[in-house]
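Below: one structure, written as structure tokens.
There are 2 protein chains.
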Amino acid sequence: MTTSGTVTHAERIRATVVEYLAAVADGSGADIAALYAEDATLEDPVGSAPRTGRAAIAEFYRALEGSRRATELLALRVTGSCAAFHFRVVTETGGRVHEVEPIDVMTFDDQARITSMRAYWAPSDMRQR
Amino acid sequence: MTTSGTVTHAERIRATVVEYLAAVADGSGADIAALYAEDATLEDPVGSAPRTGRAAIAEFYRALEGSRRATELLALRVTGSCAAFHFRVVTETGGRVHEVEPIDVMTFDDQARITSMRAYWAPSDMRQR
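Protein sequence lines, in the order shown, are assigned to chains A and S.
Residue 1 is where the first sequence starts when you use UniProt numbering, and the numbers rise one by one after that.
Residue 1 is where the second sequence starts when you use UniProt numbering, and the numbers rise one by one after that.
What follows is the structure, given as structure tokens:
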């Protein structure tokens, strides 16, 4: 399916994941939610009540806005219109630094917007530095 | 939920993942399938036709039996009755060595048997050594 000069769907999905981690590090809740489809779902962590729709998703990420953040992609696998990736997120709020390395699973639409996100991690995976 | 002397569900799930990787490295198709619930499903890679039931799952893994194999767990996250993990699998068949590092997502029953497995990787992730 790869032709010189064209961008494959897998490449667009990879680009969205990279944009996502950049937005989690630097963006507002609305910036991050803009990478999602309008009717997307978010379940973070897996087992918690899912949030549906871009407004609820923006609200979820707004909690990050008061902290300094850094992200790093550790591993990314793309198959079909799905991705799974392992990453590190470090947040600093009021002098406290927390680090966690979740594994997220996402699905994407034809425009490589996120249609669902499920985050695999537990509070016991969180480290304070 | 953690009480001294008891084994939590998360710990049992972690043990099943470790057993799974040991069986993928050393076991028969039936050995690996024995870690699955009777009516479990397997989708490897994600996007391919799922296989249902322990017999179909044993058949899937039987393809490994002719090769020397090694596995290594790179990262594991457990939340509720779900796990996601990144691992390396190296197979040697007729002098050819292939290596791939998928991210797998599994769900588990109350006995920590695997009820579903979905493997995120693409043929382009496979390296020949």
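We put the CB at the ideal spot given by N, CA and C, even for glycine.
Bear in mind that the values here come from a model prediction, so they are computed numbers and not experimental data.
Within the UniProt domain "SnoaL-like" (17 to 116) of chain S, the residues whose Cβ lies closer than 9 Å to any Cβ of chain A are, in chain order, Pro-45, Val-46, Gly-47, Ser-48, Leu-74, Ala-75, Leu-76, Arg-77, Val-78, Thr-79, Gly-80, Ser-81, Cys-82, Ala-83, Ala-84, Phe-85, His-86, Glu-101, Pro-102, Ile-103, Asp-104 and Val-105. Taking a beta-carbon distance threshold of 8 Å, Ala-122(A) counts as an interface residue toward chain S. Ranking Glu-72(S), Tyr-36(S), Ser-48(S) and Gly-66(S) by CA distance to the CA of Ala-55(S) puts Tyr-36(S) first. By DSSP's assignment, His-98(A) forms a beta bridge with Thr-91(A) and Gln-128(A). Burial is judged here by how many other beta carbons sit within 10 angstroms of a residue's own beta carbon; Ala-23(S) has at least 16 and is buried.
When the beta-carbon positions are compared, Phe-87(S) and Leu-73(S) come within less than 8 Å of each other. Taking Asp-31(A) as the centre and dropping the five residues before and after it, the same chain places the C-beta of Ala-23 closer than 6 Å to its C-beta, in chain order. The segment 103 to 119 of chain S and the segment 76 to 91 of chain S touch, with three or more beta-carbon pairs separated by less than 8 Å. Counting only runs of 4 or more residues that sit fully inside the UniProt domain "SnoaL-like" (17 to 116) of chain A, the alpha helix (DSSP H) segments are 29 to 33 and 54 to 62, in chain order. Contact between Thr-91(A) and Ser-67(A) holds: their C-beta atoms lie close to 4 Å from each other, under 8 Å.
A straight-line Cα-Cα distance of about 18 Å links Asp-39(S) and Ser-48(S).
Residues of the same chain with a CB within less than 7 Å of the CB of Asp-109(S), apart from the 5 flanking positions on each side, are Ala-37 and Thr-115 in chain order.
Between Asp-44(A) and Met-117(A), the CB-CB gap stays under 8 Å. For Tyr-120(A) against Val-46(A), the beta-carbon gap comes to about 5 Å, under 8 Å, which counts as contact. Taking C-alpha positions only, Ile-13(A) is separated from Ala-58(A) by approximately 20 Å. Gln-128(S) sits close to Val-97(S), with the two beta carbons spaced by under 8 Å.
Ala-10(A) sits in a helix when the DSSP states are folded into three classes.
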